[in-house]
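What follows is one structure encoded as structure tokens, with my remarks underneath.
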Amino acid sequence: MKSQYRVVVIGGGVVGASVLYHLAKFGWSDVVMLERRRLASGSSWHAAGGIHALNADPNMAALQVYTIDLLSEIEKESGQNIGLHMTGGLTLAGTPERWEWLQANYRIFQSIGIEDCELLSPEEAQKRCPIMSTDGILGAMWADREGYIDTTGTVQAYASAAKKRGAEYYEETKVEELIQTADGWQVVTDRGTITCEHVVNAAGLWAKQVGRMAGIELPVSPLKHHYLITDTVPEVAAADFEMPMTVDLEGFTYMRQDQKGVLVGIYEVDHEHWAMDGAPWNYGEELFQEQLDRIENELVLGFERYPAIQNVGIKTWVNGAFTFSPDGNPLVGPVPGKRGYWTACAVMAGFLQGGGVGKTLAEWMIHGEPEADAWPMDVARYGDYAQNKRYIRETTGQFYSRRFVMTYPNEQLPAGRPLKMSPAHDAMTEAGCKWGVSWDLEVPLYFAPEGFEETPTLKRSNAFDIVAEECRTIREGVGLMDITGFSRFEVSGPNAEIWLNKVMASKLPGPDRAKLAPMLGENGRLKGDLTVLNWGDGTWWIMGSYYLRAWHMRWFDDHMIDGVQVRDLGEEVCGFAVVGPKSQAVVEKLAEQDISTLKFMGCGDYDIGLVRARVARMSVTGEKGYEINCRYGDHIALRRALLEAGASEGIRECGFNAMLSTRLEKSFGIWSAEFTQAYTPGMTGMDRWIDWGKDFVGKDAALAEREGNGPAQVQVTLEVDALDADASGYEPVWAGDQRVGFVTSGGYGHYIGKSLAMALVDRDKARPGTELSVHVVGVERPARVIAPSPYDPEGKAMRG
Ligand SMILES: Cc1cc2nc3c(=O)[nH]c(=O)nc-3n(C[C@H](O)[C@H](O)[C@H](O)COP(=O)(O)OP(=O)(O)OC[C@H]3O[C@@H](n4cnc5c(N)ncnc54)[C@H](O)[C@@H]3O)c2cc1C
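Every number in my numbering is 5 more than the matching position in the sequence shown, counting from 1.
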């Protein structure tokens, strides 16, 4: 072992070994992995080894496909047998809603290029898995790319393949301390100290402690998990093919063949955390005693699903632990504020996700950005609030218990809530507000009559008419909306303008003006759909999506220059938007200064009632509107004043659901839908805001796109002949039987009375009038490209 490396990877489980392999593969061979015991001494050795491509999150599904395809390559490269059995797999649907969901997901998988799936009737499914009872099964999805592997063999294969490419790894070497230096880290081990530029926390069950070694509190916790392996099952032994990997979602179990018996794994509804502060250091390759009382119900369902196992013995019980983040996705990437400290942990399914995690992290470290959009697993998707132990316990527990439970798009889950509330929260709740959550914050969805409960559904919900009424208020009268759920950063200092000009690709607004500002990565892909406000006094604001606060702050810090301060105002400033044709009449009544001179995209300081406010005349609804930003302490007073002043104009409180419907009618894109790190300015129409005459981050790549042949796909607005459901995202778009794109977001345009979708489609299918079709909840619906902004295309309402 040398005393200096470029990278030290801490942890020799499947994830660490994959990171090591990918670093070496992509050209960094001065790298070492340290393992305190033997390879695969954590969760990895006792995993069930199941691999399947399907995941409700399309980004994670793509990552899983990459991992599965990589496995045979690793086997070949290393010469290490990994016991790969590609049996194919079944996902069963046991309720009508689940069957609808599965059919919808089958189409979404087509959108992201997972084509080797098919939908099966219960009888067809049973032929492929003859030991299964089809009782209660309404249908199934088959996927070719499923099966299982030998877990320890796979970890060894990654590590040997890495070694062949020049990387090193050492067992029986425990990292005990991490010391940050001016240009990297000192890694203190029980076999000496190593100096390096980068450390990677791939410590699995011990990730928490390895985070704490650097003063980082990661939102991760281990939970226990059971599976059993049966003795020989005669029906399995007699079959001339292997049983497929079978997931019974309503039964909370997964099953695969194991020699001549089967392995049945259980997602316990009655979950149990273990060692929330990280596994004990003396924890070795032990297992916990099985806890049958916790899994009784799921076991009964499992034995009913596979009657053949009722008559055979159980050879092995495994009750082990593995780690979860609050949303179940891995924590990957550079930790904000800790230069050179990277995470690759909280990987719930290391054997089916570890390859993709290793690839993503290695690309990130070597090239500065991963190739694919890593947001769903980015460690910076959480803020400091997620360090709270109870938050971690509730959210990871909820994720675990619901792993096989269907979550509807309009469903609000309770874990970790309510946490942060805007000051007017209680008064708004009294007024009927129904709340959703963004990051740590409760955000208003809509205002309902007393006693109203929204029914979870894949289709249009019973809140449809309520939201329609709020949209009408916004378009015809005046609505009041809590906009605490926007992010606000203050930029100041002598070089503020220079810095903003560098990080924003647009022209900057003049004094007392606001401007839409795309922000790009060095690769020319989007990093933000922001608004820059110039308050004319040397301070600027950047406004964007609330849940991207830590992620954007990391980006700002990484691109910082001297003479600039960027301050996240997210804990100090909140506000209300007043929107609609009558908004001016309301704000005018309260403004001590003349607000009539504040033009569209203008901004300034105003006294609104007793509140000192920073006001901007803009609205994402496409209506005339004022965003009134105030101190947290003034929020309640501001609301009260606006409601009183607006009473004669019929002011009514509205929520984000109405905002989303109205923005869709204007073809205004939003982050995580129309705009992501995977898309370019040319694809999304963001290029129209770029100032090509200046230098900015990402200009070379953006110019290359502009001067090349143009993007293959571009953003369009579709009108969909939908009936009782609307598109939501990732549904395929078809021209005849040719897949020509996918939906980025969709919904109902309540005011214009049309089902709408925004989509990325092949350029030759982007002309308005082009007849296409879209799968909505699994059913193909006619659709056509329409000109952008079906409501008020000339923008008269917002400028008026
Ligand atoms: C019962 C069960 C069934 C499962 N089934 C599946 C399945 O079917 N498919 C699937 O994909 N996943 C499955 N999993 C999950 C899978 O096991 C984990 O996702 C995976 O093992 C995580 O790998 P890892 O490398 O992140 O962590 P670990 O395997 O925990 O590895 C971390 C390593 O880091 C080492 N380490 C920690 N701290 C230090 C230190 N300070 N210095 C040096 N070394 C250190 C540890 O010794 C350990 O070897 C299952 C898990 C369980 C418990």
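Where is the CB? At the ideal position from N, CA and C, for every residue including glycine.
- Taking C-beta separations shorter than 6 angstroms and ignoring five residues to either side along the sequence, the partners of residue 421 in its chain run 396, 399 and 400, following chain order.
- With contacts defined as CB atoms closer than 8 angstroms, residue 116 and residue 736 qualify as a contacting pair.
- Residue 446 is bridged by DSSP to 425 and 443.
- Here residue 54 is buried, its C-beta having at least 16 other C-beta atoms within 10 Å.
- DSSP places residue 504 within a helical segment (H, G or I) once states are collapsed to three.
- Residue 357 and residue 216 have their C-alpha atoms spaced approximately 24 angstroms apart.
- A straight-line Cα-Cα distance of about 29 angstroms links residue 241 and residue 75.
- Within its own chain, the residues whose Cβ lies closer than 7 angstroms to the Cβ of residue 545, once the five positions on either side in sequence are excluded, are 496, 501, 505, 537, 538 and 539, listed in chain order.
- Scanning the segment 145-221 for uninterrupted beta strand (DSSP E) segments of 3 residues or longer gives 173-175, 180-186, 189-194 and 197-206, listed from N- to C-terminal end.
- Residue 503 counts as exposed, since fewer than 16 other C-beta atoms from the protein chains shown sit within 10 angstroms of its C-beta.
- The segment 511-528 makes no contact with the segment 453-473; the number of CB pairs closer than 8 angstroms stays below 3.
- Where residue 472 is concerned, the enclosing alpha helix (DSSP H) starts and stops at 469-481.
- Note on the segment 490-541: whole alpha helix (DSSP H) runs with a minimum of 4 residues are 501-508, in chain order.
- In the DSSP annotation of this structure, the continuous segment of the alpha helix (DSSP H) that includes residue 362 starts and ends at 355-372.
- Excluding its 5 nearest sequence neighbours in each direction, residue 477 has C-beta neighbours in its own chain below 7 angstroms: 756, listed in chain order.
- Annotation: the continuous beta strand (DSSP E) that includes residue 231 extends over 226-235.
- Under the three-pair Cβ rule at 8 angstroms, the segment 547-557 does not count as touching the segment 715-729.
- Partner residues in a beta bridge of residue 392, as assigned by DSSP, do not exist.
- In the structure shown, residue 18 adopts coil according to DSSP, grouped into three states.
- With fewer than three CB-CB distances shorter than 8 angstroms, the segment 616-627 does not count as touching the segment 444-451.
- Secondary structure of residue 624 (DSSP, three-state): coil.
- Counting along the chain, the unbroken alpha helix (DSSP H) around residue 558 starts and ends at 554-563.
- The DSSP-derived three-state label of residue 313 is helix.
- Nearest C-alpha to residue 801 among 585, 702 and 608: 585.
- Excluding the 5 residues flanking it on each side, residue 655 has same chain C-beta neighbours closer than 6 angstroms at 482, in chain order.
- Under the three-state reduction of DSSP, residue 27 is assigned to helix.
- Residue 489 and residue 248 do not touch by the CB rule: their CB atoms are close to 52 angstroms apart, not below 8 angstroms.
- In the displayed model, residue 431 falls within a helix according to three-state DSSP.
- In the three-state reduction of the DSSP assignment, residue 131 falls in the helix class.
- A direct Cα-Cα distance of roughly 13 angstroms separates residue 169 from residue 37.
- For residue 245 and residue 266, the gap between their C-alpha atoms comes out near 14 angstroms.
- Close CB contacts of residue 330 within its chain, under the 6 angstroms cut and outside five residues either way in sequence, are with 224, 225, 336 and 351 (chain order).
- Here the C-alpha atom of residue 644 lies approximately 45 angstroms from the C-alpha atom of residue 279.
- When only Cα atoms are considered, residue 739 and residue 479 end up about 34 angstroms apart.
- Residue 164 has its CB no nearer than 7 angstroms to any heavy atom of ligand 1.
- Residue 209 has its alpha-carbon roughly 7 angstroms from the corresponding atom of residue 48.
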